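Comments concern the structure below.
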Amino acid sequence: MMARSVSLVVLLAVVSLCAAQDADKSLTFIDPVEVASGVVSGILNKGQVPPPAPTPSSAPYDANKICDNIAFPPKFPSAPAFNLSKGVFVADNIAFQPKTTYVQQTLDYNSVLPLYNALVAYGAQQGLPLTGRGEAHITVLTPPEFSVLQPFITIDQINAIAAPLVQKARFCVLCIGRDTLPINGTLNTVFNVVVRSPDLIEVRRQIFNLYVNAGGDGSRFSYSNIFAPHITMAFRTSNPSFAATDLFVENGIYKWDNSCFAPVNLV
Ligand SMILES: *[C@@H]1O[C@H](CO)[C@@H](O)[C@H](O)[C@H]1NC(C)=O
Ligand SMILES: *[C@@H]1O[C@H](CO)[C@@H](O)[C@H](O)[C@H]1NC(C)=O
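Following the numbering used here, the numbering of the sequence shown begins with 5 at its first residue and continues without gaps.
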């Protein structure tokens, strides 16, 4: 009994110390009742189930920065660096926006607007009229992927997984990507910010598990190998011979490392 009280005092001291160092994160998922019962410290009461292993708080990759250790394509860079505001990384204060056929992480548009304007100016210099959608997001699950999952799991189930995780998902920025596709004699061109995010891969892994447990075939959805997270910035205003202006995986376009075109400076 004595030893247990001492453990609790030490535990509470450690918890307070962590709270002081990282006030807004450490305590949010520590339940005081669990602390008092000893579950959190590992001193289990009879019949209690151990809590799941905590998510590591330090990122196993270079979150909220320029990504490190990236092997760029051989021609990179082919344009001068563009600036991007670090405000793009602050998304956890934006409400999760549930969609009906896909999942997205909504980003702060004002943080990417100067980059959007710089890209439009760059395009104009090249005789390429560009436009955007007046918003910024990272697609976490695409509509074609959802159509594979849909016979087995609902969008509500997917959103239930995504809602608590997606807006706080961390990512790093690789480069400005440029994707081109000649269609009927006109070059469709899309500019995007290429990112990496193990946190978003984790969301997709949980969706994958739900899908497979519901009877879905794992070979039809890849949560990490076929995932090219990016922020679409600007695309050709119009193309007389092609209905769509943005380009997607369905067009054979992967907006990822392979599309790296210009470096990014975070400002
Ligand atoms: C990027 O920002 C720096 C100042 O932080 C500025 O000197 C430079 O001109 C900017 N580059 C572009 C392409 O806007
Ligand atoms: C290319 O042009 C042809 C003839 O106008 C049209 O049928 C076809 O749909 C166009 N291709 C695309 C991808 O838009």
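Quick reminder that beta carbons are idealized off the backbone N, C-alpha and C, glycines included.
All of these numbers come straight from a predicted model, not from anything done at the bench.
Bridge partner(s) assigned by DSSP for residue i
i      : result
Ala164 : Paired residues: none, contrary to the question.
Phe239 : Thr135, Val194
Ala140 : Leu111
Ala266 : Ile180
Leu185 : Asn192
Val199 : Val177
Ile70  : Val177
beta-carbon residue i near ligand 1 non-hydrogen atom, thresh 6 Å
i      : result
Val271 : yes
Asn87  : yes
Beta-carbon proximity check, residue i vs residue j, cutoff 7 Å
i      : j      : result
Gly181 : Lys259 : yes
Phe100 : Gln210 : no
Leu111 : His141 : yes
Pro78  : Asn163 : no
Leu88  : Leu270 : yes
Thr105 : Pro168 : no
Gly219 : Phe150 : no
Ala67  : Leu134 : no
Leu132 : Thr193 : yes
Phe80  : Leu119 : no
Phe225 : Val144 : no
Ser228 : Ile205 : yes
Glu183 : Ile74  : The question names Glu, but residue 183 in the sequence shown is Asp. Their beta carbons are not under 7 Å apart, which means Asp183 does not touch Ile74 by this criterion.
Cys176 : Lys90  : no
Ala83  : Phe265 : yes
Asn262 : Leu185 : no
Ala166 : Val207 : yes
Pro202 : Tyr113 : no
Gln130 : Ala173 : no
Val94  : Val116 : no
Start-to-end residues for the alpha helix (DSSP H) that takes in residue i
i      : result
Gly122 : According to the sequence provided, residue 122 is Ala. The question's Gly does not apply to it. From DSSP, the alpha helix (DSSP H) with Ala122 extends over 113–129.
Arg209 : 202–217
First through last residue of the beta strand (DSSP E) which encompasses residue i
i      : result
Leu331 : Residue 331 lies beyond the residue range present for the chain, which begins at 5 and ends at 271; the question has no answer from this structure.
Phe86  : 86–88
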